[in-house]
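Student: Numbering (mature numbering (1 follows the signal peptide of the UniProt record, and there is no 0)), first residue to last: -25 to -1, 1 to 274.
Think of the CB as a built atom: it goes at the ideal place given N, C-alpha and C, for glycine as much as any other residue.
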Amino acid sequence: MLSSKLIEMKSSLFLVATSALLASAGPLGRRAEVTDWVTEIVTVTVTDDGTSSATGGVFIQIPKHTPAVIPPPAQVLTSIVKIQSTTQAPAPPPPPPSSKPEVKVSTKAQPPPKETSTTPPPPPSNNLGDYESTILEKHNLHRKNHSASALEWDDTLAQYAANTANGCVFEHDMKQGGGGYGQNLASQGSSGNIDNLKVKSAAQGVTDMWYNGEAGNYNSFYGMSNPPSNVPLGDFGHFTQLVWKSSKKVGCATVKCPGGSVLSLPAWYTVCNYQPPGNYGGQYGANVLKPLGMSISVV
């Protein structure tokens, strides 16, 4: 349900994301937390080239399964965070869907599989298209600000991401190829025409949702082996996976899904896979380094 404060405008959007993180190693293992918060965001959509996006579009994130929301002040946001060990029973299902607009991002990490071969991986592709180049540019811009090496594009991880995204179901799928990779999800839908927003939607997922949306939440934790246990992993886990120093490769896919699948409206659904995965207990201090103070823009 959109707020009554929504006024007439040429184009509106809701950036929406949900988190479901799995950390199965170290001190952060064997704990389960569920944190709900709600935020309603109304912004005017402006592309980075100065032109407006889908005219008359209203961006909304409405998950098929939604936790109970907190009565909103002026803004509403709901996020699910799951932290559990591999031996822990799964968390109970969330309550019935809410009619309020919601924001969704999700990230997950798995322990890497044992190495069974010494064959070196194939070299990264040098013939990247506009989509791949944009994804790498956004990731590596943020990683550079945290003294992490640039990620390389991995076609295998990208194919796994495409397989997941093409299912048009907003949930993690990390069993392909034996697993051993981390995963971030984001989705953005509109009532307007979104046909030409694939690359922009993916870039917004990386920069606006995963980085800008969470980096500030980590300011007090730099240098710690583990963030405080009373702070939900969903507050910072997408950001930490994005800049995790030990991660070396990324592969992503963004697919247009029909209304009623990922969201109630037609939406671009982005999946990014990382290898090796991040968010390991006891390893945050060595892998999430203080920012250098570089200027970070909004997509």
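Count the other CB atoms, across all protein chains shown, that sit within 10 Å of the CB of M269; report buried if there are 16 or more and exposed otherwise.
Tutor: Classification of M269: exposed, given that the 10 Å Cβ count is below 16.
Student: Output yes or no for whether 7 Å exceeds the beta carbon distance between P252 and P241.
Tutor: It is not a contact, given that the beta carbons lie outside the stated cut-off.
Student: Below 8 Å on the Cβ atoms is my contact criterion, and I expect L264 with A123 to pass it. Report the Cβ-Cβ distance as a whole number of Å.
Tutor: So it is a contact: roughly 7 Å between Cβ atoms.
Student: Suppose the cutoff is 8 Å on Cβ atoms and the five residues either side in sequence are ignored; what does the same chain contact list for G142 look like?
Tutor: Same-chain partners within the cutoff: D148.
Student: Got a sec? Which residues, its chain only, sit under 8 Å from K173 by beta carbon, not counting five neighbours each side?
Tutor: The answer, listed in chain order, is Y106, T229, K231, W243.
Student: Can you say whether S165 is buried or exposed, counting buried as having 16 or more other CB atoms within 10 angstroms of its CB?
Tutor: S165 comes out buried.
Student: To which residues does DSSP link V246 through a beta bridge?
Tutor: DSSP, once it has assigned bridges, lists L160, A228 as partnering V246.
Student: What's the C-alpha gap between L116 and N171?
Tutor: Roughly 24 Å between the two C-alpha positions.
Student: Counting along the chain, where does the alpha helix (DSSP H) carrying A190 start and finish?
Tutor: Run containing A190: none; DSSP gives neither H nor E here.
Student: Does DSSP put V263 in a helix, a strand or coil?
Tutor: Coil.
Student: Quick one, which of N187, Y156, G154, V144 has its alpha-carbon nearest F211's?
Tutor: Answer by Cα proximity: N187.
Student: Let me know if L267 comes out buried or exposed under the rule of 16 or more other beta-carbons within 10 Å of its beta-carbon.
Tutor: Under this definition L267 is an exposed residue.
Student: Nearest to G157 by CA position, among P202, G198, Q258, V225, is which residue?
Tutor: The shortest Cα separation from G157 among P202, G198, Q258, V225 belongs to V225.
Student: For S200, which of helix, strand or coil comes out of DSSP?
Tutor: Three-state result, S200: coil.
Student: Confirm the yes/no value for this check: CB of G164, any heavy atom of the ligand GDP, distance under 6 Å.
Tutor: Within the structure as shown, the ligand GDP is missing, as the structure has no ligands at all.
Student: What residue range does the alpha helix (DSSP H) around residue 280 cover?
Tutor: It is not possible to answer for residue 280, since the shown part of the chain is limited to -25 through 274.
Student: Distance, Cα to Cα, A29 vs N168?
Tutor: Any reading at A29 must be qualified, since the residue scores a pLDDT of 40, below 50, and its modelled position is unreliable; no value is offered.
Student: If you run the structure through DSSP and keep just helix, strand and coil, what is S108?
Tutor: If DSSP states are grouped into helix, strand and coil, S108 belongs with the helices.
Student: Where does S221 sit, in a helix, a strand or coil, going by DSSP?
Tutor: Coil, per DSSP.
Student: Would you call N120 buried or exposed, if buried means 16 or more other Cβ atoms sit within 10 Å of its Cβ?
Tutor: Buried.
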